[in-house]
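Undergrad: Pasting a structure here, questions to come.
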Ligand code: HBI
Ligand code: FE
């Protein structure tokens, strides 16, 4: 039987190591798999030129992540380790939270190897190599964002011990995965869940439906989120230093404070929210 890298019943040639990593086995991708990467890459390139934050586009460029096909992690790592001392490690799929945080805390980004099927081009619930590499890795070239991701990993290990993972996971969701940033040219995307999605790249910036709210750490930690549809709200940072600075304090007293307060529904607007206008549709 052919070994497969598909998520369900994954049977990679190499057994996962104790830290859940495997070999990417880049040579084993089929022409059809590379073709799916090219299709995903090309349509995002057209959309993101005017929608992604310049730091993301610069990261893509510097890494040489291109339309040709699924990148070889070994080649990306030559650039990434020089740029910010981060490294991509291959995993078969979702790994336990503790393992995920341990890797991030040591500047290792876990990336899945399999690529979505032809039927999943527009939506896939679990991370695949396009989301993980195209979506996440370009931002790891940015020194401040790179430090933020490591701080998140360390924070994750601590939050696990404090029983506050739901609050910290919301910070990841509303920044790393679905974050927007204000630029002189208008709102731009840096969240990996958005840059790897055709329809949400347009919706998040231009649709009148969602709320766009100025970054506020405590507000984010109280806000629920949906994993199976477009977001009801996005949080907007002014710059990456603001994001990193917000993670500098010890979150322990913040978790304690928030435990007294109710959660906030994702479509709710509070009196103190700083609402940010959508970009005009183009
Ligand atoms: N594993 N491979 C992988 N990728 C993720 O993004 C990931 C994970 N395990 C846990 C996890 N994310 C999240 O639950 C944490 O952010 C809380
Ligand atoms: Fe992700």
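Numbering (our numbering), first residue to last: 8 to 289.
Note that the Cβ used here is the ideal one computed from N, Cα and C, for glycine as well.
What would DSSP say about residue 277, mapped onto helix, strand or coil?
TA: Coil.
Undergrad: When every heavy atom of the ligand FE is checked, does at least one fall within less than 6 Å of the C-beta of residue 199?
TA: Checking the Cβ of residue 199 against the ligand FE gives yes.
Undergrad: I need the straight-line Cα distance from residue 269 to residue 189, nearest angstrom please.
TA: Spanning the two alpha carbons is a distance of roughly 29 Å.
Undergrad: Taking residue 251 and residue 149 to be in contact with their CB atoms under 8 Å, please state how far apart those CB atoms are, rounded to whole angstroms.
TA: Wrong, their Cβ atoms sit about 10 Å apart, outside the cutoff.
Undergrad: Would you please state the rounded distance, in angstroms, between the beta carbons of residue 76 and residue 45? I believe it to be under 8 Å.
TA: So it is a contact: roughly 6 Å between Cβ atoms.
Undergrad: Answer yes or no: do residue 286 and residue 213 have a C-beta to C-beta separation smaller than 7 Å?
TA: Contact flag set, yes.
Undergrad: Report the option in 61, 176, 40, 28 whose CA atom is closest to the CA atom of residue 194.
TA: That would be 61, whose Cα lies nearest to the Cα of residue 194.
Undergrad: Do the region 165-172 and the region 82-99 meet, that is, are 3 or more Cβ pairs less than 8 Å apart?
TA: Not touching, per the Cβ criterion.
Undergrad: What is the DSSP secondary structure of residue 253, counted as helix, strand or coil?
TA: Correct three-state label for residue 253: helix.
Undergrad: Would you kindly check if the distance between the Cβ of residue 122 and the Cβ of residue 34 is under 7 Å?
TA: Contact flag unset, no.
Undergrad: Tell me which same chain residues have a C-beta within less than 6 Å of the C-beta of residue 145, skipping the five on either side of it?
TA: Closer than 6 Å at Cβ, skipping near neighbours: 63, 66, 67.
Undergrad: Since residue 178 contacts residue 219 with CB under 8 Å, what's their CB separation in whole angstroms?
TA: Actually they are not in contact, since the Cβ atoms of residue 178 and residue 219 sit about 17 Å apart, beyond 8 Å.
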